Each structure stands twice: as C-alpha cells, then as structure tokens.
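Trainee: Take a look at this one; I'll ask things after.
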Amino acid sequence: MKFHMISGGPKPVAPFSHAVETDGFVFVTGQMPDTPQIPGVLPEGIVAQTRAVMENLKVVLAGLDLGFEHVVMTRIYLTRFKEDYTAMNETYRAFFPPDRLPARTCVGVTGLAYDALIEIDLVCRRP
C-alpha cells in the first residue's frame with residue numbers, strides 16, 4: 095500500500111492521508127469545501143461548497159497523476175439533503191462527461207467538520 099499526502103493539497107482536519115493506493119485502486123479521503131490557503135473558511139451555499147470540494151478533489155487527483163476520468167465511485171454526504179440535493183447534483187454533474195458518470199452513493203448526515211454542507215470522497219482506478 096502507498097499512503098499519499100499531496101503537497102499543496104487541502105489541510106487535513108483529522109489524522110488521515112489524502113489518499114491510499116492498493117492493487118491499482120486509489121481511495122481518496124473525503125474533502126471539505128475550504129481551500130488549502132484558508133483552512134476552515136467555507137464559501138456560502140451548496141453550489142459554492144460543491145465546487146470547492148470538487149476543486150480540492152481535483153488537486154488531490156492531480157497530485158496522484160489522476161483526474162476525474164479515473165473515478166469509479168463517489169460518496170457524497172449532505173447535511174441538508176432535501177434542501178441541497180438538486181443544486182448539488184447540477185454542480186457535481188459539470189465535473190464529469192455525461193457518458194462517464196461514476197457509480198455513486200449520496201446520503202444525508204447530521205454533521206460534518208467545519209459545519210460544512212457537503213463532503214465527497216472518491217474511489218479511483220489507476221490505468
């Protein structure tokens with residue numbers, strides 16, 4: 095197994111690696127909607143937070159020489175499921191080609207670090 099911390103990546107909010115790689119699969123830790131430059135400061139609203147999470151995931155993937163085209167599974171956690179599900183989907187969808195949408199689970203949760211509205215983690219397959 096390889097444990098990856100990405101230089102310039104989002105600052106971890108707990109003791110974890112940005113990603114762990116084993117047998118061609120890469121498991122990317124759930125990312126928050128803050129930025130590496132301003133940890134803990136979140137944008138307002140689900141659209142901005144979804145974009146921020148996806149941008150953080152893009153940074154981690156790039157540090158692993160991967161991209162969204164390598165994602166096979168996503169898990170999305172929302173603290174305001176009913177209110178934010180539709181807007182989150184519209185924003186999330188823009189990061190993937192229509193014919194290459196990964197498998198996905200999306201669940202409502204009672205809370206996330208930094209009181210974020212969203213967190214997303216990934217499972218990727220290295221080519």
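One point on numbering: in the numbering used here, the residue at position 15 of the sequence shown is 109, and numbering is uninterrupted.
Even for Gly, the Cβ is constructed at its ideal location relative to N, Cα and C.
Since the model is a prediction, treat every value here as computed from it, not as a measurement.
(1) Taking the alpha-carbon positions, what's the Gly103 to Ile214 distance?
(2) For Phe190, which of helix, strand or coil comes out of DSSP?
(3) Please report the straight-line C-alpha distance between Asn150 and Asp193, rounded to a whole angstrom.
(4) Can you list, in chain order, the residues of its chain whose CB lies under 8 Å from that of His164, leaving out five sequence neighbours each side?
(5) What are the start and end residues of the alpha helix (DSSP H) that includes Lys152?
(6) Identify, in the order they occur along the chain, each residue of the same chain with its Cβ nearer than 7 Å to the Cβ of Thr144, setting aside the five sequence neighbours on each side.
(7) What first and last residue would you give for the beta strand (DSSP E) that runs through Gly103?
(8) If we call anything under 9 Å between Cβ atoms a contact, is Asp128 one with Ala146?
(9) Identify which residue in Ile132, Gln131, Gly118, Val114 has its Cα closest to the Cα of Gly124.
(10) If we count the other Cβ atoms within 10 Å of its Cβ and call it buried at 16 or more, is Ile170 buried or exposed?
(11) Our contact map puts Ser111 next to Gly157 with C-beta atoms below 8 Å; I'd like the distance itself, whole angstroms only.
Mentor: Well, looking at it:
(1) 15 Å
(2) Three-state result, Phe190: coil.
(3) 23 Å
(4) Val120, Leu155, Cys218, Arg219, Arg220, Pro221
(5) Lys152 -> alpha helix (DSSP H) spans 140-157.
(6) Met182, Thr185, Tyr186, Ile212
(7) Run containing Gly103: none; DSSP gives neither H nor E here.
(8) yes
(9) Val114
(10) buried
(11) That pair is no contact at about 12 Å.
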